[in-house]
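Written out below as structure tokens is the structure these notes cover.
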Amino acid sequence: MPCEAFEELLNGYSDLSAAERVTVDAHLNTCHDCSGFLETLTALDESLTALYSFAEPQRIFEPALVRRPSPIPEILDFAGWAAVAAIVIILGVTAAARFGYMLPLSVGW
Amino acid sequence: MEDEIRAHLEHQRWHQAFDLVVKHYQTKVFHLAFSILGNREQAEDASQEILLRIWRALPMYRGASALSTWIFSIARNASLTALKRGASWRTVSLEEPGVSAAAVVRPTAARSLGALEALVAELPEKQRQVIALFYMEGKSYEEVARLLDMPLGTVKTHLFRARRELALRWQKENANAVRSL
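Protein chains in written order, with my numbering: chain A, 117 to 225; chain B, -14 to 166.
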């Protein structure tokens, strides 16, 4: 176990200021427990770096595979159907007028 | 880059926006998923699911928060859901060719990375997540805080406790190993 007063300093050894480093190093020269703890922390740091250095995804996230179907089916459905309905009505009215389906009404007048 | 993605979103260029999201965030999404799930295969599956969720949710992004914040929030929630579904934190050898424990561990009784991974798996959940992300993200406290949506001070506290606990357990195991020789 490291000395309680130095434990936090040892844990953040690489971030110590120059003044703190002098104090800690002086203590390390006389304390076997703390120097052993620092050695363990240093080795631990290297091993954790190695342990997690793999951490790139091996599989490629191919956008084409995950972007189907469209992200906006609801919006497009509503807008799409509204547009289709409008076109059908316009075409219907135009065709009726063009081919005289409105004629009987006119004749009645 | 985030501005570029936002511009695509504003003009409803979903595919272009999503291509950039994948390009710039897939590794961080994977890191986040791995830190929560602790298993590479499950993290990759979760990452695919997360990206799919992001794709479906793109039209709903209103820009109230930073895009990265929004993406990481989806990633965290999906990973936690996967964890609750039964993909519990477990240790599986990473089996990375060429990584030898003896090459990087100096203490007398060299520990395998698998043993170290087992020690990490025994840590409390938040400590596990922080320590995995810290080393995956190039030892950046700020990045860990951003990914986990956690105050910087909290990240440092978790990291301090995790490293302390690991070091003490490691010392203890090494002492036992030496005694048993």
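Don't be surprised by glycine CBs; every beta carbon is placed ideally from N, CA and C.
Spatial neighbours of residue i within its chain, please: CB distance less than 7 Å, with the 5 preceding and 5 following residues excluded, ordered by chain position.
i: B:Ala28; result: Phe15, Ala18, Phe19 and Leu22
i: B:Ala67; result: Leu22, Gln27 and Ala31
Is the CB of residue i under 8 Å away from at least one CB in chain A?
i: B:Tyr120; result: yes
i: B:Thr12; result: yes
i: B:Ala117; result: yes
i: B:Glu127; result: no
i: B:Phe57; result: no
i: B:Gln156; result: yes
i: B:Ala31; result: no
i: B:Leu108; result: no
i: B:Ala181; result: No information on residue 181 of chain B is available, as it lies outside the stretch -14 to 166 that chain B covers here.
i: B:Glu102; result: yes
i: B:Leu98; result: yes
i: B:Arg(-9); result: no
i: B:Arg254; result: With chain B covering only -14 through 166, there is no way to say anything about residue 254 of chain B.
i: B:Ala94; result: For B:Ala94, the predicted structure reports a pLDDT of 37, less than 50, and the residue's modelled location is therefore unreliable. A value from the coordinates is still provided. Closer than 8 Å: no.
Do we get a CB-CB distance below 8 Å when we pair residue i with the residues of chain B?
i: A:Phe122; result: no
i: A:Ala166; result: yes
i: A:Glu172; result: yes
i: A:Asn145; result: no
i: A:Phe215; result: no
i: A:Leu132; result: no
i: A:Ser151; result: no
i: A:Leu157; result: yes
i: A:Leu160; result: yes
Report yes if the C-beta distance between residue i and residue j is below 8 Å; otherwise report no.
i: A:Leu167; j: B:Tyr120; result: yes
i: B:Val129; j: B:Glu122; result: yes
i: B:Ala2; j: B:His(-7); result: yes
i: A:Leu164; j: A:Leu126; result: no
i: B:Ser53; j: B:Glu(-13); result: yes
i: B:Leu133; j: B:Leu153; result: no
i: B:Arg217; j: B:Gly48; result: Nothing about residue 217 of chain B can be reported from this structure: the residues present for chain B run from -14 to 166 only.
i: A:Tyr129; j: A:Val138; result: no
i: B:Val7; j: B:Ile56; result: no
On the three-state DSSP scale, how would you describe residue i?
i: A:Leu132; result: coil
i: B:Asp134; result: coil
i: B:Ser85; result: Residue confidence is low: B:Ser85 scores 36 on pLDDT, short of 50, so the model does not pin down where it sits. No coordinate-derived value is stated.
i: B:Ala51; result: coil
i: B:Lys124; result: coil
i: A:Met117; result: coil
i: A:Phe153; result: helix
i: B:Met45; result: helix
i: A:Gly196; result: helix
i: B:Asn24; result: coil
i: B:Ser64; result: helix
i: A:Thr165; result: helix
i: A:Asn145; result: coil
i: A:Phe170; result: coil
i: A:Glu124; result: helix
i: A:Phe215; result: coil
i: B:Ser97; result: coil
i: B:His(-4); result: coil
Leaving out five residues on either side along the sequence, give the residues of the same chain with a beta carbon under 8 Å from the beta carbon of residue i.
i: A:His250; result: No answer is possible for residue 250 of chain A: the residues shown for chain A start at 117 and end at 225.
i: B:Leu151; result: Leu101, Leu104, Val105, Leu108 and Ile116
i: B:Arg38; result: Ile59 and Ala63
For residue i, which residues in the same chain have their Cβ closer than 6 Å to its Cβ, ignoring the five residues on either side in sequence?
i: B:Ala147; result: Leu108, Gln112 and Ile116
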